[in-house]
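Notes follow once the structure below has been shown.
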Amino acid sequence: MEAISPIKKLWGMVRPVSHLQHRIRGYSPYQQWNRGIGVASSVLKQTGDLAVEPHLPPLNVQKQRGKAEFYEAIGRICQLRQKYLENRTVFVDGREMVPLLKALGARDEDFATLQAVNNVLIDDPTLPFRKSRNGRFCFDWNTKSLRRLEFQPFALSLEEDFKRHDSNTIRRFDEVDNDLQRNTVFQALLVFKGVMCHGITVNERPKLNYRSNQWVCTLFALRTVTTPEMLGEPALEGVHTDGVDHTMTTYLRSTNMSSNSAVTFLHDIKEKTGIRLNETSPELIQARAQHRNFLDTLLIVDNERKHSISPVYAVDASREATRDMLIFFTRKPVVGDHISSDIDSLIPHREKQLEFPIMSLSDGYELESAE
Ligand SMILES: [Fe+2]
Numbered sequence: 004m005e006a007i008s009p010i011k012k013l014w015g016m017v018r019p020v021s022h023l024q025h026r027i028r029g030y031s032p033y034q035q036w037n038r039g040i041g042v043a044s045s046v047l048k049q050t051g052d053l054a055v056e057p058h059l060p061p062l063n064v065q066k067q068r069g070k071a072e073f074y075e076a077i078g079r080i081c082q083l084r085q086k087y088l089e090n091r092t093v094f095v096d097g098r099e100m101v102p103l104l105k106a107l108g109a110r111d112e113d114f115a116t117l118q119a120v121n122n123v124l125i126d127d128p129t130l131p132f133r134k135s136r137n138g139r140f141c142f143d144w145n146t147k148s149l150r151r152l153e154f155q156p157f158a159l160s161l162e163e164d165f166k167r168h169d170s171n172t173i174r175r176f177d178e179v180d181n182d183l184q185r186n187t188v189f190q191a192l193l194v195f196k197g198v199m200c201h202g203i204t205v206n207e208r209p210k211l212n213y214r215s216n217q218w219v220c221t222l223f224a225l226r227t228v229t230t231p232e233m234l235g236e237p238a239l240e241g242v243h244t245d246g247v248d249h250t251m252t253t254y255l256r257s258t259n260m261s262s263n264s265a266v267t268f269l270h271d272i273k274e275k276t277g278i279r280l281n282e283t284s285p286e287l288i289q290a291r292a293q294h295r296n297f298l299d300t301l302l303i304v305d306n307e308r309k310h311s312i313s314p315v316y317a318v319d320a321s322r323e324a325t326r327d328m329l330i331f332f333t334r335k336p337v338v339g340d341h342i343s344s345d346i347d348s349l350i351p352h353r354e355k356q357l358e359f360p361i362m363s364l365s366d367g368y369e370l371e372s373a374e
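Here the sequence shown is numbered in the numbering used here, starting from 4 and rising by one per residue.
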């Protein structure tokens, strides 16, 4: 029998403090208790990180410049970017992503660590079949760097083509921690996204500041869980957009998931928001993609293509099935009365500080100097 840790005892004796306590409709007392333990563990872990844990410097793409594989990777990324420019979406096989990310500076030992990073997720604020955390980052093209931003709640609205029971509500996710943000494969994914998206003109969304030289990136670490009693839906909302300029989705791993699970369909922007795949018009389906291998990555110009994702099915229906993903939303900062106007701070995170150089290819080949 598992021993009860001091923190679990403590949690059992006291009610959660107010800022950690979310009233979660539909969750059992056990699930709420379990979620609280996750938050408390995260706080303790963070304290430990600050106190004793030494850490290696973040990724520095500038230091890759003298290496032949760097230029090979830049050449390949230019091709992928061209494809993205033309098709407004591109899928990159994870086996191809590995050498690209290494060439951008990712360390070998960080690949296995990243694949398991979603083990620390906790219950989602509104979806019972999902575990989640998120974090906010700024692509700052003035300083040519990416930095962690302070915590803010999160919202998506019907106005942004997101129709679900929790549309237009403010959701508070627990934050991703140093185990993810200090991982150089994760950092290289952010550099990759910057290179792929910088300089691409997109259909502009209302109430975003397209004159800004900064992007807000909200990163979601998500685990979709299917159990004998509950079907896990990577996109319960059906056909939708993510309310951003560029969406990037990267697969980490799955367990007990059948091969017909979690297929992403891209729909013409004219498709009706909120409908299920079987209700969609076949002639408006433009592409299909399925993440199967570690680091399989899909990019979508979010305001020009809608998307939907099929459920996670179990191979062995008597056991749990899981699917772990990283989702990178990126958009310009909001202006005016946008639903996120009060939750779009560009202030750096005080406790979880991170900043490292990024680069762009917006005008042919151009490697920005960040030093
Ligand atoms: Fe989405």
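Glycine is no exception: its CB is placed at the ideal position from the N, C-alpha and C atoms.
In the displayed model, K196 falls within a helix according to three-state DSSP.
Here M100 carries a helix assignment [DSSP, helix/strand/coil]. Between L234 and A158, the alpha-carbon positions lie close to 24 angstroms from each other.
For the options I77, Q184, R279 and V315, the alpha carbon positioned closest to that of F195 is the one of I77.
Around I342, the same chain offers A158 and S160 as residues with beta carbons nearer than 6 angstroms, after the five sequence neighbours per side are excluded. Remark: C-beta atoms of S311 and L287 do not approach each other more closely than 8 angstroms. For K70, the closest of V93, L107 and F154 by C-alpha to C-alpha distance is L107.
Here Y74 carries a helix assignment [DSSP, helix/strand/coil].
DSSP, read as helix, strand or coil, puts E358 in strand.
Around N263, the same chain offers S313 and Y316 as residues with beta carbons nearer than 8 angstroms, after the five sequence neighbours per side are excluded. Taking 7 angstroms as the cut-off, one finds no heavy atom of ligand 1 near enough to the beta carbon of D127. In this structure, the straight-line span from the alpha carbon of K309 to that of T333 is close to 16 angstroms.
Going by beta carbons, T283 and H270 fall inside the 8 angstroms limit. At a cut-off of 7 angstroms, the beta-carbon of D245 counts as near ligand 1: some heavy atom of the ligand is closer than that. Around the beta carbon of V179, 16 or more other beta carbons lie within 10 angstroms, which makes this residue buried. In this structure, M199 and L83 form a Cβ contact; the two beta carbons are roughly 7 angstroms apart against a cut-off of 8 angstroms. G138 places its beta carbon 8 angstroms or farther from that of I361. Judged by DSSP in its simplified three-state form, L302 adopts strand.
One thing to note: R326 has its Cβ within 8 angstroms of the Cβ of R226. In the three-state reduction of the DSSP assignment, A191 falls in the helix class. Spatial neighbours of S148 in its own chain (CB-CB distance under 8 angstroms, excluding positions within 5 residues in sequence) are listed in chain order as E358, F359, P360, I361 and A373. Spanning the alpha carbons of H249 and L329 requires a straight line of approximately 14 angstroms. In this structure the stretch 107-116 touches the stretch 58-66; the number of beta carbon pairs closer than 8 angstroms is three or more. DSSP, reduced to helix, strand and coil, places R185 outside both helices and strands of the structure shown, so it counts as coil. When distances are taken from the beta-carbon of T221 to the heavy atoms of ligand 1, even the shortest one reaches 7 angstroms or more. Judged by beta-carbon spacing, E153 lies beyond the 8 angstroms limit of R322, meaning their Cβ atoms are not closer than that value. Within the same chain, and ignoring the five residues on either side of A191 in sequence, the residues whose Cβ sits closer than 7 angstroms to its Cβ are L62, L104, L107, G108 and A109.
Residue burial annotation: V318 is exposed, with fewer than 16 other C-beta atoms found within 10 angstroms of its C-beta.
In this structure, T204 has its beta carbon at no less than 7 angstroms from each heavy atom of ligand 1.
Per DSSP, reduced to three states, the secondary structure at A115 is helical. The beta carbon of N216 sits closer than 7 angstroms to those of W144 and N145, all from its chain and outside the five residues before and after it, given in chain order.
Taking every protein chain shown into account, the CB of A320 has fewer than 16 other CB atoms within 10 angstroms, so this residue is exposed.
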